[in-house]
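Undergrad: As they're listed, the protein sequences go chains A and B. The first sequence begins at 1 in our numbering and counts up one residue at a time. The second sequence begins at 1 in our numbering and counts up one residue at a time.
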Amino acid sequence: MIYMDHSATSPVDPEVFEAMTPYFTEGFGNASTLYKLGRDAKMAMETARKQVASLINAEPKEIIFTSGGTESDNIAIKGTVYRLKNKGNHIITSNIEHPAVTETCKYLEKNGFEVTYVPVDKEGLVHPEDVEKAITDKTVLITIMHANNEIGTIQPIAEIGKIAREHGIYFHTDAVQSVGKIPVDVKSMNVDMLSLSSHKLYGPKGIGALYIKKGVRLEPIIHGGGHERGLRPGTENVPAIVGLGKACEISEKNLDKDMEHLKKLRDKLIDSVLEQNEEAYLNGHRTQRLPGNVNFRFTGIEGESLILHLDSKGIAASTGSACSSIKLEPSAVLMAIGLKEVEAHGSLRLSLGRENTEEDVDYTIKAIKEVVDTLRKMSPLWCSKGE
Amino acid sequence: MYTEKVMDHFQNPRNVGEIPDADGVGTEGNPVCGDLMTIYIKVKDNIITDIKFKTFGCGAAIATSSMITEMAVGKTIEEALKITRNDVADELDGLPPIKMHCSNLAADALKTAIEDYKKKQAEKEKSN
């Protein structure tokens with residue numbers, strides 16, 4: 001199988017798996033206990049905290065472990081606005097955020113908060129001046145994702161962070177798709193909080209982290225035994241934390257090499273598919289995008305059919321078509337960049353990873369052409385210009 | 001999520017294409033919703049002798065289109081009109097519940113094609 005859905009999840013690196021296994025068996029201690037078994041677990045956890053911090057240029061004490069990106073987003077957003085509810089009730093976000101942010105904001109809207117959803121341009125970019133214009137004297141939080149999960153667009157986070165800082169407003173970014181894929185530096189990006197997830201960077205599922213800049217105070221949204229500075233109580237998942245740490249260490253070591261490899265594959269895939277198929281288009285920005293992200297749309301065909309045919313050729317990919325979603329609604333991101341429903345139905349996302357090869361890409365280019373031709377031949381919406 | 005039969009009809013759809021001199025043509029669906037299908041029929045002595053389809057849509061939309069062409073060919077107009085959405089889904093060993101409403105349009109498209117045939121017949125008789 002050729003796996004090209006790394007934005008959905010990625011395989012656990014064998015080295016990561018190896019690092020985790022002792023903590024399921026002989027190293028099973030509770031990291032809060034005082035005897036050696038517990039102290040060893042605690043030490044492994046603190047090593048992981050250093051590894052995570054190092055990847056994003058933070059201090060280890062600025063990292064808390066969570067169950068993943070969604071929980072990190074919830075703790076950051078709700079924790080900030082609950083803490084500051086006497087100061088204001090206004091949140092600024094974008095209209096292409098992950099549901100972990102969008103749905104949290106919608107929930108808060110039902111509970112007395114006001115949210116401005118800043119639009120993006122046709123290529124999926126947030127304009128910092130739009131964020132600045134949306135600021136009111138009631139604004140307590142700005143939350144804008146670093147890189148988009150569907151179209152891979154990378155936002156000008158440092159500029160938005162600068163604006164937030166000038167206005168004394170907290171700034172959170174969901175960096176689930178970017179950490180380990182492109183350089184992420186919390187200091188130069190001017191962020192107060194940053195969410196990341198392990199399983200997007202070859203770590204295990206069910207574990208993530210939230211960076212909280214020194215001095216930023218959050219209201220806990222989960223209550224319990226005081227773990228993770230009281231913000232994420234519950235006995236720590238030590239094997240998963242160790243795995244996340246190891247995955248961060250490997251990503252940091254390989255970042256330049258991975259980026260170069262992925263960009264080369266991505267550009268070949270984009271250029272060849274656009275050249276070989278008529279009425280094929282790239283969704284998102286051509287260069288301001290994640291090194292491994294490709295998102296096409298093809299006139300006259302529907303995404304689920306495309307995915308199923310590619311699957312039968314051994315390629316795993318995804319689509320923003322409504323027909324493949326639980327809610328039967330087209331991708332909100334594709335609608336936000338101005339596509340029509342029928343265009344969103346014909347979308348195909350291929351997200352490349354470290355283990356993909358040039359042969360994989362060559363095979364995929366050929367397979368896409370065959371599938372697109374097959375589906376167009378039976379589509380009442382397709383009249384080839386060539387015929 | 002799809003049965004083997006759905007996947008078979010999706011991967012190897014039967015009777016894809018158009019009939020240029022069709023006796024009846026029926027289109028159902030809406031590309032905005034993601035499904036659009038057109039069914040073409042040839043009728044001789046009240047029997048559907050040839051049937052072809054073109055479909056834009058998901059796996060279920062393509063499989064139901066293909067399946068109904070097999071179910072309808074050789075049937076009289078009256079028999080073909082009795083084919084329901086559920087019959088098509090049953091012949092495919094079932095469809096996911098979410099697809100029953102939006103993508104199971106083949107029975108409707110066949111009905112529309114037959115109505116189109118009947119209308120054309122009535123017009124022919126009138127002009128005679």
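Beta carbons: idealized from backbone N, C-alpha and C, even for Gly.
Return the Cβ separation of Ser7 (chain A) and Ser331 (chain A) in integer angstroms, given the expectation that the two are a contact with Cβ distance under 8 Å.
TA: Indexing the first sequence from 1 puts residue 7 (chain A) at position 7. Indexing the first sequence from 1 puts residue 331 (chain A) at position 331. Their Cβ separation, rounded to whole angstroms, is 13 Å, which puts Ser7 (chain A) and Ser331 (chain A) out of contact at 8 Å.
Undergrad: Against chain D, does Cys323 (chain A) count as a neighbour if the rule is that its beta carbon must be under 8 Å from one of theirs?
TA: Absent from the structure: chain D. Protein chains present are A and B.
Undergrad: Could you tell me the distance, in whole angstroms, from the CA atom of Gly215 (chain A) to the CA atom of Ile169 (chain A)?
TA: Here residue 215 (chain A) refers to the residue found at position 215 of the first sequence. Here residue 169 (chain A) refers to the residue found at position 169 of the first sequence. Computed Cα separation, rounded: 13 Å.
Undergrad: Taking the DSSP output, what are the residues bridged to Thr93 (chain A)?
TA: Position 93 of the first sequence, counted from the first residue, corresponds to residue 93 (chain A). Thr93 (chain A) pairs with A:Tyr117 and A:Thr143.
Undergrad: Go through its chain and collect everything with a Cβ distance to Glu319 (chain A)'s Cβ below 6 Å, but skip five positions before and after it.
TA: Indexing the first sequence from 1 puts residue 319 (chain A) at position 319. The amino acid occupying residue 319 (chain A) in the given sequence is Thr; Glu does not appear at that position. Correct list, in chain order: Gly303, Ile307, Ser347 and Leu348.
Undergrad: For Gly34 (chain B), which residues in chain A fall below 7 Å Cβ to Cβ?
TA: Taking the first residue of the second sequence as position 1, residue 34 (chain B) is located at position 34. Under the 7 Å cutoff, chain A gives Glu302, Ser321, Ala322, Cys323 and His345.
Undergrad: Which of helix, strand or coil does DSSP assign to Val238 (chain A)?
TA: Walking along the first sequence from the start, residue 238 (chain A) turns up at place 238. It is helical.
Undergrad: I'd like to check one pair, Tyr117 (chain B) with Ile134 (chain B): are the Cβ atoms closer than 8 Å?
TA: This structure cannot settle anything about residue 134 (chain B), because the visible part of chain B is limited to 1 through 128.
Undergrad: Does the CB of Pro13 (chain B) have a neighbour CB from chain A at under 8 Å?
TA: Along the second sequence, read from residue 1 onward, the residue named residue 13 (chain B) stands at position 13. Chain A, which has a Cβ nearer than 8 Å to the Cβ of Pro13 (chain B), makes this yes.
Undergrad: Please state the DSSP three-state secondary structure of Arg349 (chain A).
TA: If you number the first sequence from 1, residue 349 (chain A) lands on position 349. Three-state DSSP puts Arg349 (chain A) in a strand.
Undergrad: Would you mind sorting Asp13 (chain A) into buried or exposed? The rule is 16 or more other CB atoms within 10 Å of its CB.
TA: If you number the first sequence from 1, residue 13 (chain A) lands on position 13. Around the beta carbon of Asp13 (chain A), 16 or more other beta carbons sit within 10 angstroms, so the residue counts as buried.
Undergrad: Write down the C-beta distance between Arg266 (chain A) and Gly225 (chain A) rounded to the nearest angstrom, noting that I regard them as a contact closer than 8 Å.
TA: Position 266 of the first sequence, counted from the first residue, corresponds to residue 266 (chain A). Position 225 of the first sequence, counted from the first residue, corresponds to residue 225 (chain A). Not a contact, Cβ separation roughly 45 Å.
Undergrad: Compute the Euclidean distance between the alpha carbons of Phe56 (chain B) and Thr76 (chain B), then round it to the nearest angstrom.
TA: By one-based count along the second sequence, residue 56 (chain B) stands at place 56. By one-based count along the second sequence, residue 76 (chain B) stands at place 76. Answer to the nearest angstrom: the Cα atoms are 27 Å apart.
Undergrad: Give me, in chain order, the residues of the same chain whose beta-carbon lies closer than 7 Å to that of Ala31 (chain A); leave out the 5 immediate sequence neighbours on both sides.
TA: The count along the first sequence starts at 1 and reaches residue 31 (chain A) at position 31. Excluding sequence neighbours, Ala31 (chain A) sits near Gly38, Ala41, Lys42, Met45, Glu236 and Val238.
Undergrad: Taking Cβ-Cβ distances shorter than 9 Å, what residues in chain A pair up with Arg38 (chain B)?
TA: Taking the first residue of the second sequence as position 1, residue 38 (chain B) is located at position 38. According to the sequence provided, residue 38 (chain B) is Thr. The question's Arg does not apply to it. Pro380, listed in chain order.
Undergrad: Mind checking whether the beta-carbon of Lys205 (chain A) lies closer than 7 Å to any heavy atom of the ligand SAM?
TA: In terms of ligand content, the structure shown is empty, and the ligand SAM therefore cannot be addressed.
Undergrad: State the Cα-Cα distance for the pair Phe171 (chain A) and Lys205 (chain A), rounded to the nearest angstrom.
TA: Taking the first sequence and counting its residues from 1, one reaches residue 171 (chain A) at position 171. Taking the first sequence and counting its residues from 1, one reaches residue 205 (chain A) at position 205. Answer to the nearest angstrom: the Cα atoms are 26 Å apart.
Undergrad: How would you label Tyr107 (chain A), buried or exposed, when you count the other beta carbons within 10 angstroms and need 16 or more for buried?
TA: Residue numbering aside, residue 107 (chain A) sits at position 107 when the first sequence is read from its first letter. That one is exposed.
Undergrad: Considering only residues of the same chain and omitting the five flanking positions on each side of Thr393 (chain A), which have a CB-CB separation below 7 Å?
TA: Because chain A is modelled from 1 through 387, residue 393 (chain A) falls outside the range shown and cannot be assessed.
Undergrad: Report the option in B:Ile62, B:Asp90 and B:Ser127 whose CA atom is closest to the CA atom of Val16 (chain B).
TA: One-based indexing of the second sequence puts residue 16 (chain B) at position 16. Checked all of B:Ile62, B:Asp90 and B:Ser127; the closest Cα to Val16 (chain B) is B:Ile62.
Undergrad: Is there a Cβ of chain A sitting closer than 8 Å to that of Pro96 (chain B), yes or no?
TA: On the second sequence, residue 96 (chain B) is found 96 positions in, with the first residue counted as 1. It does not; no Cβ of chain A falls within 8 Å.
Undergrad: Which of the three DSSP states is assigned to Glu59 (chain A) in this structure?
TA: Along the first sequence, read from residue 1 onward, the residue named residue 59 (chain A) stands at position 59. Note: Glu59 (chain A) maps to coil in three-state DSSP.
Undergrad: Are the stretch 104-112 of chain B and the stretch 19-28 of chain B touching by the rule of at least three beta carbon pairs closer than 8 Å?
TA: Flag = yes, the stretch 104-112 of chain B and the stretch 19-28 of chain B touch.
Undergrad: In angstroms with no decimal places, state the Cα-to-Cα distance between Gly353 (chain A) and Ala317 (chain A).
TA: As a first step, residue 353 (chain A) must be located in the first sequence, where it is residue number 353. As a first step, residue 317 (chain A) must be located in the first sequence, where it is residue number 317. Each residue's Cα considered, the two are about 12 Å apart.
Undergrad: When burial is assigned at 16 or more other CB atoms within 10 Å of the CB, is Leu141 (chain A) buried or exposed?
TA: In the first sequence, the residue the question calls residue 141 (chain A) occupies position 141. Leu141 (chain A) comes out buried.
Undergrad: Along chain B, which residues have their Cβ under 8 Å away from the Cβ of Lys377 (chain A)?
TA: One-based indexing of the first sequence puts residue 377 (chain A) at position 377. Within 8 Å Cβ-Cβ: Val16.
Undergrad: Here's a check: name, in chain order, each residue in its chain whose Cβ is nearer than 6 Å to the Cβ of Val43 (chain B), leaving out the five neighbours to either side.
TA: For this step, residue 43 (chain B) is matched to residue 43 along the second sequence. Closer than 6 Å at Cβ, skipping near neighbours: Asp23 and Tyr117.
Undergrad: Against Thr55 (chain B), what residues of chain A qualify as contacts under a CB-to-CB distance less than 8 Å, listed in chain order?
TA: Here residue 55 (chain B) corresponds to residue number 55 of the second sequence, with the count starting at 1. The contacting residues are Met378, Ser379 and Pro380.
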